Every structure is written in structure tokens, then in C-alpha cells.
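First the structure, in the form of C-alpha cells, and then the observations on it.
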Amino acid sequence: MRFVIPVCIVLLAAGLRWGYLVGAPRGMQFTHVDAEGYHYLAVNLLEHGVYSMNSEPPLRANNIRAPLYPLFVAAWYAIGGPNPDFVAFAQPLLDVLTVVVLLKFGTLVAGRHVGKVAALLYALNPSSWRFCNELLTEILFGLLLTAGLWLFARYLLRWRKRDALWCGLLLGAGILCKPNIQFLPLALLALLAYGIFVHRQHWWHGAVIVAGTIGVMLLPWFVRNTIVFGEVFYTRTFDDNLAHVSAVATLARVNGEAVAPWTPRWEEIYDGIIAETAQRYNWEPVPQSTLTARDLDRRLQEIAEVSGEIVRAHPVDFIVSHTQSWLWSFVPQDHKFWYTHFTGQDWETAAGQGDVLGRALTALGRGEFGQAVRMVIDERLRGLPPLALAFWAFWGVMYGAAAVLFVIGALRMRPRLLAAFLLITIFYVTFVPGPIGQIRFRLPVTPVILLLVARGWSPSTRP
């Protein structure tokens, strides 16, 4: 009987994810601009043997995207052809595995009840259903990260070397899937070293195993980049994000503009950075199609150098824009997608003037409390259609309750070292994207967030 509830949770998770895919419109995998890049990386690998995002010749090697997810997509394309629907119907299996891992993770650190609650919450998480239908890294990356953290917890509790080895393998695979976490193991290694303070014999074994395993897994990609681009590096993701995200957001704030990512104005600011770089480094006015992969890499580094100067010249604007965007990413946005999904009507049409919360907060900043309250009442409680109001209120209440339980769960979680690393992981993964932060970048740590929520819900740690 003890397996009945876990099996039901797993079946529920599978049914909800595949059920959503059955009713989802075809072709949604390319909703996000990054999805097309992963598609062409996989197609070009299979058809031309080149790791390139170009949709047509010349096919130049890419140095921004990590290799694991394109290889995953290419494997499915090799079986069923270059059809993203095929990948989308495979990804729920990965997410169901995440439910299973979370069940075991929660049971390990807080007992079977917490494990089942955490797994059930993630099984019911609508954002997971949605991203199973996206050609993006988040589902695979979320599984690898959750499993890596589970094995780290097992090592802390049992000090078995094979757990450290598996932790290194999973986190190494996570870095190969999403380079944003490439510096997270530094925090892990620092935490493993705490064994010296508790007089644990051979405390350093785990640190060496984790670091060595990750290093071995990343080495082939370092070698590939050295051969192709002539320099030793893992990825240029951070250079690209510095130029196309951080510097643009910083300049927008310096100019007093509220600019959304990837809008025409955003791209106009970015084009200005490129023009400044071209002038400083005397770029030859030649068609980009004539440039080699090494030429493009050199230009990217030059753009990153100019962008770094912009950020260093305006550190306060950079920090404020980055931090505000990170905090804003935790404001509920899911209701907009699901309202449109069920009604076929854009949320903006139902919501009238749009971002009432932002305008209300601005009014509060001016000390206009009454005006802020009237905005929310008039434009949400009175102004929204009944179904739109229900969606808005439901997500708002759920996020509010989860925030309270998350704090309680973080305080209750033992050992403290594990709680600290879980919080570091959540902060790191969600903070790095900054101005482009959204539910997509929070999804990989959603299982960990829900584990802490479940821990806050249940004070019991008994099996």
C-alpha cells in the first residue's frame, strides 16, 4: 500500500503533461526565439556534421549554446525526423522522472510525507506542462539539476563516495546543458569542505570527486573550442548576455527608458553598442556571411569588452536594473498564458491598461497609497472579466501562500548546510538571467522551491 500514492502521483503527472500536449496547438515549440537555434543546431549536426545555428550556408561553428540539449534533440530527430512535435512528446517522460526524483529527494531529507507533497505539487505545476511543449533546455536541465542536488544531499547525509561521483556526473551534465550554472559547483565545493570543521576524516574526498568528475565531463568541449576557435574557453554565453542583455538594460535605465527585452527599441540600443564597437576596432565593412567562425568570435569578444565598459561606467544602474528585473520575475505571469490558452483571447485585451501592479507600485513609491489601491480595485477586481479575474486571483493567492511556506520550509530544513546550498542554487539560477528573467528561468529550480514549500507545509520529518 505504501507505493499506491507515489504511483498515483507519477501517473497524474504523466497524464497532465501528455494531456496538455494533445490539446496544445501544433507548432508552439518555436514560440521562443531560442528554440529555433536549438532546432538548427540539431539539424545541422545530423545533416552536415557541423555544430551551427545557421539556417543556411555558410554553416559556422557556434560557441554560445552548450552541447547537451542539441544532442538530445538530434537523437530524437535521428529516430523520427526533424519534427519538434516528436521531441515535445518525449519531454514529459523527463519531467515525470523529475517528479520521481523529487519524491525521493523529499523523502530523504524530510520524510515520506514531505516527499509526496513536494512531488504532488510539482506534478500539478502548470508551467511544467507548458514547457514540455517547448524546444528549450529547461525540462532536461531541471531533471539534471534536481537529481544532482538529491545526490549531493545523499552525500552529506551518508558520506558515500559513489554519491559524490553521481553528483559530479549530474551537475557536469547540467553545465553541458545550461552553461549558466558553470560556477555553481564552486559553492558546492566550498560547502563540501565544511567537513574539516566537523573533523570528518577524508572530508576532501567528496570535493575532489565532484570537481574531478565535472572537469572530465567538460574537457572534450574545451578541447573542441580550442581547436575550432583557437582559444581555451567553455562557452561565450556570458559574453553574449553581457552585450545583448546587461549592457542594453543598463543603457535603457541610464536613458530613463522602460524597455522590454527583444523589442525593437531593445534591439536598437544593442545595434548602437555594435556600431560603437565597429568604430573602435575598425571593423571592415564586409558582409557577415564572409566572416569565419573565428572572426565572429573575435567580434563577439570586442562587443563584450565595450559592453563591460558600459556596465562598469554605470554600476548602480546595472545593479538596480538587474535586481529589479530579478525581483519582478517572481510576480505571477502564468495566468496570462493559461487565460489565452483556454479562451483564445489575449490577456492584454482583457486587462485593459495592462501592468496595473507596476503602476500601483510606482504610485506607492510616490506615497499615493489610496491611488494605488484604487488602481488595483478598478482595473482588476472590477475591470476584469470574471474568468480573467479568477485566473489572476488564483495565481496571486498561490504565489503568496507558496512564498510564506517557502520561508518556513527554508528555516525548518536540515541539515543547515543543505538548506544553505538549496537557497544558493535557487538564488544563483534565478538571479543570473536578470533583465530577461521569467518563469522559464525559474522552472529548473521549481522542484527545489516546491520541496521547501512542502517542508514548510509539514513540520514532520518522520518517514
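In the working numbering, the protein residues as written are -10 to 452. We put the beta carbon where it would ideally sit given N, CA and C, even for glycine. Computed from a prediction, not measured in an experiment: that's the story for all the values here.
Euclidean distance between Cα positions of residue i and residue j
i, j, result
"L270", "N230", "Note that residue 270 is Tyr in the sequence shown, not Leu. Each residue's Cα considered, the two are about 20 Å apart."
"L482", "G201", "The question about residue 482 has no answer here: the residues shown for the chain are numbered -10 through 452."
"L10", "R119", "8 Å"
"P73", "F326", "21 Å"
"H102", "I(-2)", "13 Å"
"A267", "K93", "53 Å"
"R444", "A142", "15 Å"
"M360", "W251", "The residue asked about is misnamed: residue 360 is Gln in this sequence, not Met. About 32 Å."
"F420", "P433", "13 Å"
"L406", "L180", "7 Å"
"P452", "L440", "Low confidence applies to P452: its pLDDT is 46, below 50, so where it sits in the model is not reliable, and the reading given next is rough at best. Each residue's alpha carbon lies about 15 Å from the other."
"F78", "G8", "10 Å"
"N456", "I263", "Examination of residue 456 is not possible in this model, given that the chain is present from -10 through 452 alone."
"M402", "C156", "20 Å"
"I216", "V88", "40 Å"
"G204", "F222", "13 Å"
"Y66", "F19", "16 Å"
"E294", "T226", "14 Å"
"E256", "G4", "41 Å"
"G219", "L57", "22 Å"
"W139", "L132", "11 Å"
"P422", "P59", "21 Å"
"P71", "V32", "7 Å"
"P115", "Y388", "13 Å"
"L289", "D228", "7 Å"
Buried versus exposed, by CB contacts within 10 Å (16 or more), residue i
i, result
"D260", "exposed"
"P274", "exposed"
"R6", "buried"
"F481", "Because the chain in this structure spans residues -10 to 452, residue 481 falls outside the shown range and cannot be described."
"F61", "buried"
"V76", "buried"
"S278", "exposed"
"H37", "exposed"
"G69", "exposed"
"A249", "exposed"
"E127", "buried"
"T338", "exposed"
"T435", "buried"
"R363", "exposed"
"T224", "buried"
"R355", "exposed"
"V90", "buried"
"R151", "exposed"
"M206", "buried"
"G16", "exposed"
"G26", "buried"
"I366", "exposed"
Pick from the options that is closest to residue i, judged by C-alpha positions
i, options, result
"P374", "D335, L411, P81 and M387", "D335"
"H324", "L378, V88 and G12", "L378"
"A399", "M387, P436, W384 and V442", "V442"
"P253", "A293, V237 and C121", "V237"
"S310", "L178, Q268 and G245", "G245"
"P304", "D284, T239 and T338", "T239"
"I292", "S278, V234, Q313 and F319", "V234"
"P(-5)", "L432, L285, L138 and V85", "V85"
"G12", "L280, A179, T126 and N122", "N122"
"S318", "N114, P14 and I428", "I428"
"F395", "V437, R431, G426 and P404", "V437"
"A408", "N33, R431, R288 and L177", "L177"
"L285", "V295, S296 and W272", "W272"
"S314", "K105, R242, L289 and A382", "R242"
"F130", "L160, R287, Y111 and V106", "L160"
Residue i: first and last residue of the uninterrupted alpha helix (DSSP H) it sits in
i, result
"A182", "No alpha helix (DSSP H) holds A182; DSSP gives it neither H nor E."
"E127", "E127 to R147"
"N33", "V22 to H37"
"F307", "P304 to W317"
"Q322", "Counting along the chain, Q322 falls outside any alpha helix (DSSP H), and DSSP gives it neither H nor E."
"W384", "P375 to R401"
"Y58", "L57 to G69"
"S116", "P115 to F120"
"W193", "W193 to F218"
"G95", "P73 to A99"
"K150", "K150 to C166"
"L231", "Here L231 belongs to no alpha helix (DSSP H), and DSSP marks it neither H nor E."
"T414", "R405 to F420"
Any non-hydrogen atom of the ligand MN within 7 Å of residue i CB
i, result
"W384", "In the structure shown, the ligand MN is absent, as is every other ligand, since no ligand is present at all."
Min CB distance residue i to chain B below 8 Å
i, result
"F331", "Note that chain B does not occur in the displayed structure, where there is just one protein chain."
Quick check: the stretch 327 to 339 against the stretch 295 to 310, are there 3 or more CB pairs under 8 Å? No contact exists between the stretch 327 to 339 and the stretch 295 to 310.
Can we say the stretch 46 to 58 touches the stretch 136 to 156, given the rule of at least three CB pairs closer than 8 Å? In this structure the stretch 46 to 58 does not touch the stretch 136 to 156; the number of beta carbon pairs closer than 8 Å is below three.
How do the stretch 168 to 175 and the stretch 413 to 424 stand: do at least 3 beta-carbon pairs fall below 8 Å, yes or no? Counting C-beta pairs closer than 8 Å gives three or more between the stretch 168 to 175 and the stretch 413 to 424, which meets the contact rule.
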